[in-house]
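So the sequences go chain by chain: A and B. For the first sequence, position 161 (counting from the first letter as 1) is numbered 163 according to this note's numbering, and the numbering increases by one without interruption. For the second sequence, position 29 (counting from the first letter as 1) is numbered 27 according to this note's numbering, and the numbering increases by one without interruption. Heads up, the beta-carbon is just placed ideally off N, CA and C, and yes, glycines get one too. Given the structure is predicted, the values throughout are model-derived calculations rather than measurements.
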Amino acid sequence: MIEVVTVILFGMLAVTAIAAIRLHDLFAVVMMFSIYSLLAAAVFVAMDAVDVAFTEAAVGVGISTVLMLATIGLVGRHEKRPTHRPGLPLAVVTLTGMVLVYGTLDMPRFGDPLAPIHQHVAPHYLQDSPVEIGIPNVVTGVLASYRGYDTLGELTVIFTAGIGVLALLGIRRRKRDES
Amino acid sequence: MLTLILLVLLVSMALALLRAVKGPTVYDRILAANAFSTKTVLLITALGFLVGEAEYYIDIALMYTLVGFIATVAVLKVSEFGNLGQSGAVRSTPAEQSHK
């Protein structure tokens, strides 16, 4: 039953994506993106990835729609005519996609319990992390302790990006205007 | 019964999607996206009962309702005033201007 739902949702996802490409009114494209993100979240829920669906709800449905609408307020609502022909980019994308699909042929089957990713450190994390770290949630334990330096690096990158955006937006200039 | 509910929800999602793809004016698409967000919330709840962990799924559905409300407010503000930063004194409607 849930597989049928997932397949139907994927079909609607494809329809939404193609419609978003073919539309030329950017406001309508933003509406299609919001539908796309809702559908993607429903797919995540149907595939039992509830935490990813939470992230998609916060980022995809809410913030990115608002950000794209703010951009439309600045740049106007109509797409410019493309200055180049789509033939060469389409060929490059198709070729890259074929190479990527060819690359997956060597990988272990989906959900294979003997795959290296399920044999390497995952059993150790699952069995010992409550004792070693003392956090009942394994995912939190892995993120905050075993991969703590990774998480610190990610946070540094995001913090730097935030500072960059603030510098571009120019908070100092606005303060001078007010005074 | 649950199968019937899921079927009806999927059909109405497909109809809303059809309206969003075909919709001649931008207001059709806004309404379609809004209806679609409601249908997604209902679908997530129904999936929760199908899986048997309704309490987690209902939390997600509630969060979607709240976030979808923010997005709807932003969409309506842009379609009314033309951008998000305006206070609302000037009424220039890009949604109307653009319809040729």
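Determine, using beta carbons only, whether residue i comes closer than 9 Å to chain B.
i	result
Thr142(A)	no
Ser36(A)	yes
Ile10(A)	yes
Val32(A)	yes
Leu40(A)	yes
Val47(A)	yes
Ile1(A)	There is no way to answer for residue 1(A), as the model of chain A reaches only from 3 to 181.
Phe161(A)	no
Val7(A)	yes
Thr18(A)	yes
Ala43(A)	yes
Ala21(A)	yes
Asp152(A)	no
Between which two residues does the alpha helix (DSSP H) containing residue i stretch?
i	result
Phe112(A)	Where Phe112(A) is concerned, there is no enclosing alpha helix (DSSP H), given that its DSSP letter is neither H nor E.
Gly155(A)	Gly150 to Leu171
Asp50(A)	No alpha helix (DSSP H) holds Asp50(A); DSSP gives it neither H nor E.
Thr85(A)	Taken as a continuous stretch (DSSP letters only), Thr85(A) belongs to no alpha helix (DSSP H), as it is neither H nor E.
Asn32(B)	Val24 to Val49
Ser147(A)	From DSSP, Ser147(A) is part of no alpha helix (DSSP H); its letter is neither H nor E.
Val73(B)	Ala52 to Phe79
Gly64(A)	Looking at the DSSP string, Gly64(A) is not in any alpha helix (DSSP H), and its letter there is neither H nor E.
Ala19(A)	Ile4 to Arg24
Using beta carbons (cut-off 9 Å, strictly below), is residue i in contact with chain A?
i	result
Gly50(B)	no
Ile28(B)	yes
Leu2(B)	no
Val6(B)	no
Met61(B)	yes
Met11(B)	yes
Ile58(B)	yes
Ser96(B)	Its pLDDT being 49, under 50, Ser96(B) is placed unreliably by the model, and nothing is read from it.
Measuring straight from C-alpha to C-alpha, what distance separates residue i and residue j?
i	j	result
Pro138(A)	Leu128(A)	10 Å
Ala69(B)	Gly64(A)	5 Å
Val77(A)	Met33(A)	17 Å
His26(A)	Arg27(B)	13 Å
Gly80(B)	Ala93(A)	38 Å
Thr153(A)	Val9(B)	42 Å
Ile119(A)	Arg149(A)	16 Å
Pro125(A)	Asp53(A)	21 Å
Val24(B)	Met(-1)(B)	36 Å
Ala31(B)	Val6(B)	18 Å
Thr18(A)	Thr8(A)	15 Å
Thr73(A)	Ala169(A)	18 Å
Thr67(A)	Ala22(A)	14 Å
Met70(A)	Val133(A)	46 Å
Leu171(A)	Gly136(A)	43 Å
Phe29(A)	Phe56(A)	25 Å
Gly164(A)	Glu156(A)	12 Å
Ser96(B)	Ala33(B)	Its pLDDT being 49, under 50, Ser96(B) is placed unreliably in this model, and the coordinates cannot settle the point.
Gly62(A)	Ala16(A)	17 Å
Please list the partners that residue i has in chain D, where partner means a Cβ-to-Cβ separation under 9 Å.
i	result
Asp130(A)	The question asks about chain D, but that chain is absent: this structure's protein chains are A and B.
message: By the 7 Å beta-carbon criterion, what residues does the segment 101 to 119 of chain A contribute toward chain B?
response: none
task: Give the residues from the segment 53 to 75 of chain A that approach chain B closer than 8 Å (Cβ to any Cβ), ordered along the chain.
output: Ala55, Phe56, Ala59, Ala60, Val63, Gly64, Thr67, Val68, Leu71, Ala72, Ile74 and Gly75
- prompt: If you pair each beta-carbon of the segment 18 to 30 of chain B with each one of the segment 39 to 53 of chain B, do three or more pairs fall below 8 Å?
  reply: no
task: With 8 Å as the C-beta to C-beta threshold (strictly closer), list the residues of the segment 29 to 44 of chain B near chain A in chain order.
output: Ala30, Ala31, Phe34, Ser35, Thr38, Leu41 and Ile42
Cβ contact (3+ pairs, closer than 8 Å) linking the segment 37 to 49 of chain A and the segment 78 to 87 of chain A: no
- request: Decide if the segment 54 to 69 of chain B is in contact with the segment 43 to 58 of chain A; the criterion is three or more beta carbon pairs, one per stretch, under 8 Å apart.
  value: yes
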